[in-house]
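In UniProt numbering, the protein residues as written are 1 to 690.
As structure tokens, this is what we get:
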């Protein structure tokens, strides 16, 4: 009997796949990549048309020896690594490292680790797709060029151990730009007003809209009081009633990006945790009566397509469990301007009849919660829209108009199974739904509320993934590692769900923006992703991208070196004297930002916190304001005399007092604003010293 060898990436897949195949098949794992460019050098042969220099990854020698022994015993080798660019590249590296005979080697892929899918893949072996491999090589070489060219400049300017990356630096730039927007934001006052009316002995509210010409924004109390004065003698009459239906479409199945976003919102998972758990669900989980089985399809995808088999299975399931009225006639599709890599399916359960509750006892809590989320979203995607009965009422009062609206769920549709974290709140008011045109309503009172506009929200991991996807930065496999890198490097810290840029992150971003503006440009990075897609499609040769990319990068690096040479790189001296040896202490960067260190190191190892003065007196006690950090590294301004004085501000205080209320003012971009939002006084910084 012939002997067949199947090589997969992960040891977790071995047992799952082994039980699907007969005794003639041996299944082994490569444990990921076996070859890569060396860490000690850039690993690119510039004299030989940018050819990458691959070596065996340290520690993988024994694994390759084991694989060679298995190859010798096999009549045919199937390379069954993941069905994406990275997986294709691993297969190509294995074929080269193991010197596999092309006649006895085949590439197989499956989108799910189930018996039918694995068996079917063996019926359709193919050659390694070099377009996919070259696309991965182009990404790897470009990332190596950026990282190994720019990182040494960051070491020279800031501190050793820092890194720059083609995608990570753009993600950091996006976070820094958002911080700048927040810091420069000036709140604006606005008011809303409800009229409490009575109909049939029941009170209900209508909201002020404006007049026949359109909506009126109420920007101050004086304006509001004027409107209220005009309304004192007004009669409230129903001027228009519109009844209708509104439908809410079913969601599309999950892609990598939307799964990361929804798991963050609904389950409070980080992007990395989501991918780690999804990987376990994909590779195989032990289920009673079935053994080890992959519960979901491949987790790195930006497609919302599903297979015909899965489509038929889910339709039968919906009809049998919820009735024909719940089956969709028209599937919701994802609209996107960018190229979708449609070779994959959306993320879905491999068997929709395997209900989450039926296997809940056999799954760890987090695996169950993520599987349930994926299962519900998939089933919902093939169900009818939810339908609401709506009533919109206009109430006339003098020359002004008030509005009221109510909705009632008429048919739950997909919501029978799934409601997402952004699900709209349905306001149901039976009194409003009974109103008819011409009715006169009794006035009870006005309710007035003051508000201030809010700054843009800080990015969460979910929001950053969404923004990266919308701008075409990165791909499904890169979102989680990119965010993990900038958090791991302490460029960014996470408090609750929000991401905040640290002092170190700001320093790195400033160097990148100054010297490498093109690299951190979102449009440039998105264009590079499109070119990588073109390599995958076979329309662009991968070396062409590198030939066009590297000379410009090299020129930028040389220019940056000249600029940085003009900047004083020596450690900045402080006014603090080392208590142990009398030298003047210097300011250094550490993992948590700046600190003071004795320049006599290693003879003198004295260090202490660096209290950086903001150059303004404390508005409360008059002592120095210093720049402090939260435990996780977020910057704020506080009094040097803490805890005796508890002054703190997220924005830098100004020496100028507010001319309107006498309070202290803070810097907001190119403006000064009163720290008391209710005061609302703002002036340009040019007026600061007048």
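Backbone N, C-alpha and C define an ideal beta-carbon position, used for all residues, glycine too.
request  = Name the residue from 160, 165, 136 whose alpha carbon lies nearest to the alpha carbon of residue 149.
outcome  = 165
Where residue 578 falls, given that 16 or more other Cβ within 10 Å makes a residue buried = Result: buried.
query = Three-state secondary structure (DSSP) at residue 185?
reply = It is coil, neither helix nor strand.
ask   = For the putative contact between residue 637 and residue 614, defined by C-beta atoms under 8 angstroms, what is the C-beta separation to the nearest angstrom?
value = Beta-carbon to beta-carbon, residue 637 and residue 614 are separated by about 6 angstroms, close enough to satisfy the 8 angstroms threshold.
message = Tell me the rounded alpha-carbon separation between residue 141 and residue 298.
response = 26 angstroms
query = Just curious, the alpha helix (DSSP H) that residue 488 is in, first and last residue?
reply = For residue 488, the enclosing alpha helix (DSSP H) has its first and last residue at 479 to 488.
task = Give the DSSP-derived three-state secondary structure of residue 358 in the structure shown.
result = Note: residue 358 maps to helix in three-state DSSP.
inquiry  = If distances are taken between C-alpha atoms only, which option among 105, 649, 38, 15 comes closest to residue 675?
reply    = 649
Cut-off 6 angstroms between Cβ atoms - residues of its own chain near residue 616, not counting five sequence neighbours on either side = 625, 653, 655
ask   = Are residue 294 and residue 522 touching if we call contact CB-CB under 8 angstroms?
value = no
ask   = Going along the chain, which residues of its own chain have a beta-carbon closer than 7 angstroms to the beta-carbon of residue 506, five neighbours each way excluded?
value = 176
task = Assign residue 598 to buried or exposed, taking buried as 16 or more other Cβ atoms, counted over all protein chains shown, within 10 Å of its Cβ.
result = The residue is buried, with at least 16 neighbouring Cβ atoms inside 10 Å.
inquiry  = Does residue 566 come out as helix, strand or coil in the three-state DSSP assignment?
reply    = Caution is warranted here: a pLDDT of 49 is assigned to residue 566, below 50, making its placement in the model unreliable, and no coordinate value can be reported.
message = Are the CB atoms of residue 16 and residue 284 within a distance shorter than 8 angstroms?
response = yes
Closest by C-alpha distance to residue 168, when choosing among 602, 520, 374 = 520
inquiry  = For residue 88 and residue 557, I'd like the C-alpha separation in whole angstroms.
reply    = 32 angstroms
inquiry  = On the DSSP letters alone, give me the boundaries of the beta strand (DSSP E) that residue 757 sits inside.
reply    = No answer is possible for residue 757: it lies beyond the span of the chain, which begins at 1 and ends at 690.
task = Write down every uninterrupted run of the alpha helix (DSSP H) in the segment 270 to 336 whose length is 4 residues or greater and which is fully enclosed by it, in chain order.
result = 271 to 283, 308 to 322
inquiry  = Give me the DSSP bridge partner(s) of residue 383.
reply    = 327
request  = Would you identify the three-state DSSP class for residue 16, choosing helix, strand or coil?
outcome  = helix
query = Helix, strand or coil for residue 620 per DSSP?
reply = Three-state result, residue 620: coil.
query = Using the beta-carbon count (16 or more within 10 Å), is residue 83 buried or exposed?
reply = Around the C-beta of residue 83, 16 or more other C-beta atoms lie within 10 Å, and the residue is accordingly described as buried.
key: Residue from 511, 412, 430, 446 with nearest C-alpha to residue 402   = With distances taken between Cα atoms, residue 402 lies closest to 446.
ask   = Looking at the structure shown, is residue 212 part of a helix, part of a strand, or coil, going by DSSP?
value = coil
request  = For the alpha helix (DSSP H) containing residue 90, list its first residue and its last residue.
outcome  = If you look at residue 90, you'll find it in the alpha helix (DSSP H) that goes 85 to 97.
inquiry  = Can you tell me whether residue 659 is buried or exposed? The criterion is at least 16 other CB atoms within 10 Å of its CB, across all chains shown.
reply    = Within a 10 Å sphere around the beta-carbon of residue 659 sit fewer than 16 other beta-carbons, which makes this residue exposed.
task = Please name the residue in 36, 60, 63 whose C-alpha comes closest to that of residue 51.
result = 36
ask   = Where does residue 225 fall in DSSP's three states?
value = Three-state result, residue 225: helix.
Proximity to residue 80 [Cα-Cα], best of 529, 111, 543, 273 = If we check each option's Cα against that of residue 80, 111 comes out closest.
inquiry  = Contact defined as beta carbons within less than 8 angstroms: I believe residue 400 pairs with residue 211. What is the distance between those atoms, to the nearest angstrom?
reply    = 6 angstroms
query = Between which two residues does the alpha helix (DSSP H) containing residue 408 stretch?
reply = Taken as a continuous stretch (DSSP letters only), residue 408 belongs to no alpha helix (DSSP H), being part of the beta strand (DSSP E) at 400 to 411.
ask   = Between residue 362 and the rest of its own chain, which residues show a CB-CB distance below 8 angstroms, the 5 nearest in sequence each way excluded?
value = 285, 286, 287, 288
key: Cβ shell of residue 524 (< 6 angstroms), same chain only, five flanking positions each side left out   = 518
task = Quick one: using the 10 Å Cβ neighbour count with 16 as the cut-off for buried, is residue 9 buried or exposed?
result = buried
request  = Provide the residue(s) that pair with residue 653 in DSSP beta bridges, ordered along the chain.
outcome  = 666
query = Should residue 223 be labelled buried (16 or more other beta-carbon atoms within 10 Å of its own) or exposed?
reply = exposed
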